[in-house]
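Be aware that the sequence shown starts at 1, since it is given in UniProt numbering, and climbs by one per residue. All C-beta atoms, glycine included, are put in the ideal place defined by N, C-alpha and C. Quick notes on the structure that follows.
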Amino acid sequence: MFDLIVKGGTLPDGRVADVGIRGDRIAAIGALGTDAARVIEATGDLVSPAFVDPHFHMDATLSYGLPRVNASGTLLEGIRLWGELKEIVTVEAMVERALAYCDWAASMGLLAVRTHVDVCDDRLLGVEAMLAVREKVKGWMDLQLVAFPQDGLYRDPTARANLLRALDMGVDVVGGIPHFERTMADGAASVRDLCEIAADRGLPIDFHCDETDDPLSRHIETYAAEVLRTGLQGRAAAGHLTSMHSMDNYYVSKLLPLIADAGIAAIPNPLINIVLQGRHDSFPKRRGLTRVKEMQAMGITVGWGQDCVLDPWYSLGTADMLDVAFMGLHVAQMTHPDEMRRCFDMVTVENARIMGLDYGLREGAVASLVVLDAGHPVEALRLRPDRLCVIAKGQVVSEKARNDARLSLPGRPESVRRRHILPQR
Ligand SMILES: [Zn+2]
Numbered sequence: 001m002f003d004l005i006v007k008g009g010t011l012p013d014g015r016v017a018d019v020g021i022r023g024d025r026i027a028a029i030g031a032l033g034t035d036a037a038r039v040i041e042a043t044g045d046l047v048s049p050a051f052v053d054p055h056f057h058m059d060a061t062l063s064y065g066l067p068r069v070n071a072s073g074t075l076l077e078g079i080r081l082w083g084e085l086k087e088i089v090t091v092e093a094m095v096e097r098a099l100a101y102c103d104w105a106a107s108m109g110l111l112a113v114r115t116h117v118d119v120c121d122d123r124l125l126g127v128e129a130m131l132a133v134r135e136k137v138k139g140w141m142d143l144q145l146v147a148f149p150q151d152g153l154y155r156d157p158t159a160r161a162n163l164l165r166a167l168d169m170g171v172d173v174v175g176g177i178p179h180f181e182r183t184m185a186d187g188a189a190s191v192r193d194l195c196e197i198a199a200d201r202g203l204p205i206d207f208h209c210d211e212t213d214d215p216l217s218r219h220i221e222t223y224a225a226e227v228l229r230t231g232l233q234g235r236a237a238a239g240h241l242t243s244m245h246s247m248d249n250y251y252v253s254k255l256l257p258l259i260a261d262a263g264i265a266a267i268p269n270p271l272i273n274i275v276l277q278g279r280h281d282s283f284p285k286r287r288g289l290t291r292v293k294e295m296q297a298m299g300i301t302v303g304w305g306q307d308c309v310l311d312p313w314y315s316l317g318t319a320d321m322l323d324v325a326f327m328g329l330h331v332a333q334m335t336h337p338d339e340m341r342r343c344f345d346m347v348t349v350e351n352a353r354i355m356g357l358d359y360g361l362r363e364g365a366v367a368s369l370v371v372l373d374a375g376h377p378v379e380a381l382r383l384r385p386d387r388l389c390v391i392a393k394g395q396v397v398s399e400k401a402r403n404d405a406r407l408s409l410p411g412r413p414e415s416v417r418r419r420h421i422l423p424q425r
């Protein structure tokens, strides 16, 4: 007897199987019958482990237009605008917006998020708000908090002390933004300092790193060397890495093996990188996305992050990690069938690895699943379809009725779903 059986779904690896759940765990996968308190019919539908977002800003989400919009569309105006918003924001407003976003995430099967929390505010209101949100959603969402010195660890006079206070309050991960310090030397010093803080406290580390079009922004090199020196291999991540797009190819041929040695995971954020980068270019305009396929070929873990939804940096967004992967697929030109398939893994299993989650479709793993109105992972990317059922830690948290279009065309079918059977390769 199971608490829940998801019946007859197609798993991402192509197997057709039932998934049996007891409590908050997957108890069995196979032909399981119907002996359960509840059976969810998933025949013909894709059953995937839940979506994971390893790079987000939940303290800023849903604040678009407050107190004004980003007119230039640049990263730097976004940071200035966020500074204006921080002056007027309240803990209650941040919690309310974040919880509204988490509702969206639940409906989209996005059940684990790593969010950077700005610590450049002596009151630490964002930290207070996000700790409250982490507590409120912990029954169904894994929310990891990163202590993020948005205005620069050294550029902001109290950022370093505030970062340490935030870690003392229970923030999970050490953050940084070396390319935003005043000088390259200050950036490198911040990398060394933060790696030592993470190593001393036994915490993961996750920087915004080289989010610029300047090919000489090479903090990732210092970061990799410091991760090796301080023993942080396997629990370090680097967001954005957009300068790598513009770097000299010879230099990159030396850099990528160093990143691989250091076990640093890369988190490009394609929705944001494609709109923020290249803003100082005339034509041709650089895309500004980091070298995704090239890093994967070196064995570096690469996930796709969402970064922003309706905030000072990005005026759109829906909490759909398939939108993120879809944009990444296009900008990185990951069009081979194996590459498209990998884009789905990047927003599921690879992002889960970056966050160190207990995760996956296997017996004993946490039962956080999503049933999609698609036949297979690449079709899910193509359609970005409805989430028919979302199960979080064993509980159904969101359901949506299938919603086929009804046609009125002479001699044609009465409804259409836009599914397509692929020829066997
Ligand atoms: Zn970010």
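Beta-carbon proximity of residue i to residue j, cut-off 8 Å
i       : j       : result
Ala-98  : Ala-129 : yes
Val-171 : Val-127 : yes
Glu-379 : Arg-419 : yes
Gly-394 : Arg-25  : yes
Val-137 : Leu-145 : no
Leu-256 : Glu-294 : yes
Gly-176 : Pro-149 : yes
Cys-389 : Val-371 : yes
Thr-348 : Trp-104 : no
His-57  : Thr-115 : yes
Leu-271 : Asp-206 : no
Arg-382 : Lys-400 : no
Ser-315 : Tyr-101 : no
Leu-361 : Val-19  : yes
Leu-258 : Ala-236 : no
Val-113 : Asn-162 : no
Inter-residue spacing [alpha-carbon to alpha-carbon] between residue i and residue j
i       : j       : result
Ser-368 : Ala-325 : 20 Å
Asp-200 : Pro-268 : 27 Å
Ala-266 : Met-1   : 42 Å
Phe-344 : Ser-253 : 27 Å
Ala-71  : Asn-273 : 17 Å
Asp-35  : Gly-9   : 17 Å
Leu-125 : Asp-59  : 9 Å
Gly-231 : Val-173 : 15 Å
Trp-304 : Ala-297 : 16 Å
Ala-31  : Lys-7   : 9 Å
His-245 : Val-331 : 12 Å
Glu-96  : Ile-391 : 23 Å
Arg-218 : Pro-413 : 57 Å
For residue i, the three-state DSSP class (helix, strand or coil)
i       : result
Gly-328 : helix
His-420 : coil
Lys-400 : coil
Val-89  : coil
Val-292 : helix
Ala-265 : strand
Phe-344 : helix
Glu-41  : strand
Val-47  : strand
Pro-410 : coil
Per DSSP, cross-strand counterpart(s) of residue i
i           : result
Gln-395     : Ala-392
Phe-207     : Gly-176, Ala-238
Ile-259     : In DSSP, Ile-259 forms no bridge with anything.
residue 480 : Residue coverage of the chain in this structure runs from 1 to 425, which leaves residue 480 outside it and unanswerable.
Gly-9       : Ala-17
Any C-beta of chain B under 8 Å from that of residue i
i       : result
Phe-326 : Looking for chain B here will not work: only one protein chain is present.
Nearest-angstrom Cβ-Cβ length linking residue i and residue j, presumed shorter than 8 Å
i       : j       : result
Gly-356 : Pro-204 : 7 Å
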